Amino acid sequence: MFKTFHKGGVHPPENKLSAGRPVEPFPVPATVAILLSQHMGAPAKAIVEKGAAVKTGQLIAKGEGFLSGNIHSSVTGKVSRIEAVTDASGYKRQAVFIEAVADEWFDDINTDTLLDKEIKLNAAEIINKINESGIVGLGGATFPSHVKLSVPRGKKADFLIVNGVECEPYLTADHALMLEKPGEIMVGIEILKKALGVTQAHIGIEANKPDAIALMQKFASEYTGVKVHPLKVKYPQGGEKQLIKAITGREVPSGGLPVDVGVVAFNVGTVFAVYEAVQKNKPLIERVVTVTGKNIKNPANFRVRLGTPVAGLIEAAGGLSENTGKIIMGGPMMGKALAIADIPVVKGTSGILLLQDDEASRNKPQPCVRCGKCVAVCPMGLEPYLLMPLSQKNEFDRLESEHIMDCMECGSCSYICPSARPLLDFVRSGKNNVGKIIRSRKKQ
Amino acid sequence: MVTTIIYTILSLSLLGAVAAVVLYFVAQRFKVFEDPRIDQVEAELPAANCGGCGFAGCRNLAETLVKSESFDGLFCPVGGNTVMARIAEVLGRQAVTQDAKIAVLKCNGTCEYRPRTSIYDGTASCAIASALYSGETGCNYGCHGFGDCVEACLFDAMYIDETTGLPVISDEKCTACGACVKACPRNLIELRKKWKGNKKIYVACSNEDKGGIARKSCSVACIGCSKCVKVCTFDAITLENNLAYIDSDKCRLCRKCAPECPTNSIIEIGFPQKKEKIPETAGNNPLTVNKD
Chain A
1 MFKTFHKGGV HPPENKLSAG RPVEPFPVPA TVAILLSQHM GAPAKAIVEK
51 GAAVKTGQLI AKGEGFLSGN IHSSVTGKVS RIEAVTDASG YKRQAVFIEA
101 VADEWFDDIN TDTLLDKEIK LNAAEIINKI NESGIVGLGG ATFPSHVKLS
151 VPRGKKADFL IVNGVECEPY LTADHALMLE KPGEIMVGIE ILKKALGVTQ
201 AHIGIEANKP DAIALMQKFA SEYTGVKVHP LKVKYPQGGE KQLIKAITGR
251 EVPSGGLPVD VGVVAFNVGT VFAVYEAVQK NKPLIERVVT VTGKNIKNPA
301 NFRVRLGTPV AGLIEAAGGL SENTGKIIMG GPMMGKALAI ADIPVVKGTS
351 GILLLQDDEA SRNKPQPCVR CGKCVAVCPM GLEPYLLMPL SQKNEFDRLE
401 SEHIMDCMEC GSCSYICPSA RPLLDFVRSG KNNVGKIIRS RKKQ
Chain B
1 MVTTIIYTIL SLSLLGAVAA VVLYFVAQRF KVFEDPRIDQ VEAELPAANC
51 GGCGFAGCRN LAETLVKSES FDGLFCPVGG NTVMARIAEV LGRQAVTQDA
101 KIAVLKCNGT CEYRPRTSIY DGTASCAIAS ALYSGETGCN YGCHGFGDCV
151 EACLFDAMYI DETTGLPVIS DEKCTACGAC VKACPRNLIE LRKKWKGNKK
201 IYVACSNEDK GGIARKSCSV ACIGCSKCVK VCTFDAITLE NNLAYIDSDK
251 CRLCRKCAPE CPTNSIIEIG FPQKKEKIPE TAGNNPLTVN KD
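Top line first, the protein sequences correspond to chains A and B. Residue numbering for the first sequence is 1 to 444, as defined by this note's numbering. Residue numbering for the second sequence is 1 to 292, as defined by this note's numbering.
This is the structure in C-alpha cells:
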C-alpha cells in the first residue's frame with residue numbers, strides 16, 4: 001500500500017501522453033518576451049534599456065524587495081522594446097523583448113553537462129547564489145526559493161522534501177526531468193540539505209512513474225539520508241501540504257507554512273535549477289515544458305528558453321487542430337486557459353495542454369443536490385457547497401471563519417460535483433475578497 | 001367543580017397582577033431613552049435600505065442624522081434634496097442640498113465596436129471573469145456584460161441590452177445609490193451630476209492603453225489624443241493614463257468636445273440634434289441611449 005494524504009482527493013484520468021518522451025531542447029526563438037513578473041511577489045525592475053545588447057544568462061531585471069526574483073536574459077541579442085504583453089493571467093504585464101542573434105552565454109556560466117558533485121559554497125553562499133540566479137518554485141506557485149530557504153529565527157527545518165509527484169493529469173515535465181537528470185537532482189538535494197542544515201531528504205513520486213522511482217532509488221542509494229517514497233496516485237498529491245502529510249505524517253496548521261512543522265519542500269525542477277545555479281553558475285533561463293493534448297500529433301517534453309511564445313511550442317508539437325477547445329497553461333486541474341496563443345513561457349509554465357472541444361466544455365450548472373461529495377474530496381477539509389453561496393452573498397466574516405483562506409484552489413470540488421456547479425469559481429472569488437480584507441486589517 | 005374554576009381564575013389573575021407590577025418596575029428601571037425624532041426621521045427616509053448613504057440601512061442613517069450636529073457627509077441619495085429638506089424640518093436644522101446624480105457606464109464597447117477575440121464559458125459573473133482574464137475582447141478595461149451591476153441594483157434601474165451586450169441605466173429609476181459602482185469589478189460606472197432633461201456628456205471609455213493598442217481592440221476607445229482637452233474652455237477635461245475624463249462638476253455642456261473626438265468616444269445624450277456639423281455617424285450614439 002502506497003503512502004498518501006488522508007483527507008479527500010480525486011483521481012482524474014491520468015492521460016500522461018508524453019510520458020517516456022525525452023526532454024528535447026527547443027530551438028532558441030527569434031524573439032523572446034521576458035515578463036518582469038514571473039514569480040510570486042513584487043515584479044522585478046528592468047535594468048536594461050531599449051537597444052541594450054545582452055547575452056544569454058545576463059541579469060536584465062532585479063527583484064524588488066524581499067519577496068521577488070531576479071530575471072535573466074534567455075537569449076543573446078538586442079533589447080528591442082520594453083512593453084506590456086498579455087500573460088497567462090489574461091492581462092497585459094511589462095516584458096522585455098529581446099531579438100536573438102546568437103546564443104553566447106554570459107561570462108562565467110559553465111555550459112558543459114558534466115556532473116559536478118563537489119559542493120564548494122557554504123550555506124549562506126548557496127542561498128545568496130539561488131537568490132541571484134532568480135530561482136523560484138517551478139512546480140507552478142513560483143515562490144522565490146531563497147525566501148523558502150531563509151528559515152525564520154526560532155524555527156528549525158528537520159527534513160527536506162522533494163516534490164516529484166506531478167499529480168496533474170497530462171503533465172510529464174518533472175517525470176522527464178527525473179529520468180534525464182537523476183544525478184544532478186541528487187547533487188541539488190545535497191546542496192539544499194547543506195543550505196537548510198538538514199540531514200534527511202525525502203523524495204515523493206507518484207506510483208504511476210515506476211521508472212522514475214526505480215532510477216531515483218538507485219541514485220539515492222549512493223547518498224545518506226535520501227529516501228524515495230512511492231506515493232498513491234491521487235490528486236492533489238503534489239500539493240505541498242498533502243505531500244508533507246503523506247511522507248512525514250505532519251500536518252501544516254491552518255494559515256501556517258511548512259516550516260512551522262519543520263519541513264521545507266521543493267519541486268524536482270527547482271532542485272535541478274538549484275544544481276545548475278550553484279554548480280554551473282547558470283541562472284534560471286530555461287525549463288522543461290510538456291506540450292500535450294489528445295489531438296496533438298507529437299506530445300513532447302521540451303527544454304524551453306523563458307519568453308518563447310506558446311504558439312511556437314504548439315507548432316513544434318504538431319500544430320493546433322480544428323477541434324481544440326482550449327489552450328491551457330499548466331495542467332487540466334489548476335492550469336489557466338489562455339485567451340491568445342502568443343503568451344510567453346514563464347518560470348511557472350509546467351505544460352501547455354490542448355483540450356478538445358468536448359473535454360473543455362463545461363456543463364450547465366444545476367441546483368445543489370446536497371450530496372456532500374465536494375466535502376468528501378476537499379483535501380483541506382473545507383465545505384465548498386457552503387462556501388459558494390456564502391461567497392455569492394458576500395458573507396465575508398463567515399467565509400473567514402469557515403477557513404476559506406485554506407483553500408488551495410485544487411478544483412477537486414468542481415471536478416466531482418454531479419450538478420456541475422462552479423464551486424471553485426466562487427470560492428476563489430470569495431477568497432480574493434477575504435484576502436483583501438485580511439491584508440487591509442493587517443495594515444491598520 | 002365551580003369552586004375549582006373560581007380558584008383557578010383568582011390565582012391566575014393574582015399571578016398576572018403580580019407579574020404586571022414586577023414588569024412595570026423592571027421596565028421603568030431598565031428604560032432606554034430613544035430620541036423620538038429617530039422614528040420621525042426614519043419615516044421620512046425612503047425605506048429602501050440600499051446602503052447608498054454608506055450606512056447599513058435607513059434606521060442607521062436616521063440615528064446618525066439625529067445624533068450628529070450637522071448634515072456633513074450625511075445624505076440620502078435616493079430621497080434627494082426633498083427628503084433631506086423634510087428631515088431638516090423635523091430636526092430644526094438648515095437643509096443642505098446636493099446636486100442630483102446619475103450613474104453612467106464609461107464603456108461603449110458594444111459587440112459591433114469591440115470584436116470578440118476569445119470565448120468565455122465560465123460562470124456568468126463579471127467579478128469571476130475579471131479575476132480570470134481580461135475578457136472576451138482585446139480590451140483589458142471594458143465591460144464584461146454579465147450584469148453584476150444589474151444584479152446589485154435594488155431599484156430595477158438596469159438591464160443588459162441583448163444587442164449591445166452592455167448594461168443600460170434608466171434615468172428615471174436610477175437613484176444614484178452607488179450599488180452598481182461597487183459591484184463593477186472594473187470600475188466602469190461613475191456617478192455624475194444629473195442635468196435637466198437628463199442631458200449627458202461623458203467619455204464612454206475606460207481604456208488606459210496607448211492610443212494604437214486601445215483603438216485596435218475597440219473602435220470607439222479613447223486614444224488619449226487630448227483634442228478634447230484643448231478645446232474645453234472650462235478646464236473640465238483632464239487626460240490621465242491615455243484616457244480623457246470630463247469632470248461633471250466643471251462641465252457646462254457646451255458640447256465643443258464631442259465633435260473633436262476622432263473615435264466618437266465622447267457621448268452626448270439628451271441634446272437636440274445639431275443640424276450642420278455632426279454627420280450621422282459621429283457623436284450621438286443611439287446604442288447606449290436609455291430607452292425608457
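All C-beta atoms in this analysis are idealised placements derived from N, C-alpha and C, irrespective of residue type, glycine included. Predicted model, so just to flag it, every value in this text is computed and none were measured.
- Flagged as an interface residue toward chain B: A:Ser-429, by a C-beta distance shorter than 8 Å.
- The stretch 105-125 of chain A and the stretch 243-250 of chain A do not touch, with fewer than 3 CB-CB distances between them shorter than 8 Å.
- Nearest in C-alpha terms to A:Ser-350, of all of A:Thr-290, A:Pro-230 and A:Lys-148, is A:Thr-290.
- Listed along the chain, the chain A residues whose CB falls inside 8 Å of the CB of B:Ser-118 are Ala-339 and Ile-340.
- Around the C-beta of A:Gly-239, 16 or more other C-beta atoms lie within 10 Å, and the residue is accordingly described as buried.
- Every unbroken stretch of the alpha helix (DSSP H) spanning 4 or more residues and falling wholly within the stretch 62-137 of chain B is given here in chain order: 80-91 and 126-132.
- Under the three-pair Cβ rule at 8 Å, the stretch 123-135 of chain B counts as touching the stretch 176-187 of chain B.
- Excluding the 5 residues flanking it on each side, A:Gly-335 has same chain C-beta neighbours closer than 8 Å at Glu-168, Ile-328, Met-329, Gly-351 and Leu-353, in chain order.
- The count of Cβ pairs closer than 8 Å, one atom from the stretch 365-381 of chain A and one from the stretch 407-426 of chain A, reaches three, so the stretches are in contact.
- Around the CB of B:Arg-252, fewer than 16 other CB atoms lie within 10 Å, so the residue is classed as exposed.
- For A:Arg-93, the nearest beta carbon of chain B is not closer than 8 Å to its own beta carbon.
- The C-beta of B:Tyr-24 has fewer than 16 other C-beta atoms within 10 Å across all chains shown, which makes the residue exposed.
- Between the beta-carbon of A:Ala-52 and that of A:Ile-343 there is about 24 Å, and that puts the pair past the 8 Å contact cut.
- By the 16-neighbour rule on beta-carbons within 10 angstroms, A:Met-178 is buried.
- At least one CB of chain B lies nearer than 8 Å to the CB of A:Asn-432.
- Taking all protein chains in view, the Cβ of B:Tyr-7 is surrounded by fewer than 16 other Cβ atoms within 10 Å, so the residue is classified as exposed.
- Between B:Leu-105 and A:Leu-121, the alpha-carbon positions lie close to 60 Å from each other.
- For the stretch 138-158 of chain B, the beta-carbon criterion of a distance under 7 Å to any beta-carbon of chain A is satisfied by Asn-140.
- When DSSP reads this structure, A:Leu-59 sits in a beta bridge with A:His-72.
- When DSSP states are grouped into helix, strand and coil, A:Arg-303 belongs to the strand group.
- Only exposed fits A:Asp-397, as fewer than 16 other CB atoms lie within 10 angstroms of its CB.
- Interface flag for B:Thr-8 against chain A is unset, since no Cβ pair is found closer than 8 Å.
- With a minimum length of 3 residues, the unbroken runs of beta strand (DSSP E) contained wholly in the stretch 158-245 of chain A fall at 159-163, 200-206 and 226-231.
- At a beta-carbon threshold of 7 Å, none of the residues of chain B lie near A:Gly-154; the nearest stands roughly 36 Å away.
- According to the DSSP assignment, A:Arg-439 belongs to the alpha helix (DSSP H) that extends over 423-443.
- Just measuring C-alpha positions, the residue of B:Gly-142, B:Val-22, B:Phe-33 and B:Ala-100 sitting nearest B:Ile-189 is B:Gly-142.
- When C-beta distances to chain A are compared with 8 Å, the residues of the stretch 109-133 of chain B below that value are Thr-117, Ser-118, Asp-121, Gly-122, Thr-123, Ser-125, Ala-127, Ile-128, Ala-131, Leu-132 and Tyr-133, in chain order.
- In the three-state scheme derived from DSSP, where H, G and I count as helix and E and B as strand, A:Leu-121 is classed as coil.
- Selection B:Asp-161, B:Gly-135, B:Glu-208 and B:Lys-250 evaluated against A:Ala-339 yields B:Gly-135 as nearest (Cα-Cα).
- Here A:Ala-201 is near A:Ile-189, since their CB atoms are less than 8 Å apart.
- Rounded to whole angstroms, the separation of the alpha carbons of A:Leu-171 and A:Ser-74 is 23 Å.
- By the 16-neighbour rule on beta-carbons within 10 angstroms, A:Leu-149 is buried.
- No Cβ of chain B is located within less than 8 Å of the beta carbon of A:Pro-25.
- In terms of Cα proximity to B:Gly-138, the closest of B:Ala-236, B:Gly-270 and B:Lys-216 is B:Lys-216.
- For a cut-off of 8 Å, the C-beta gap from A:Gly-134 to A:Ile-71 is around 6 Å, short enough to register as a contact.
- At least one beta carbon of chain B lies nearer than 8 Å to the beta carbon of A:Asp-425.
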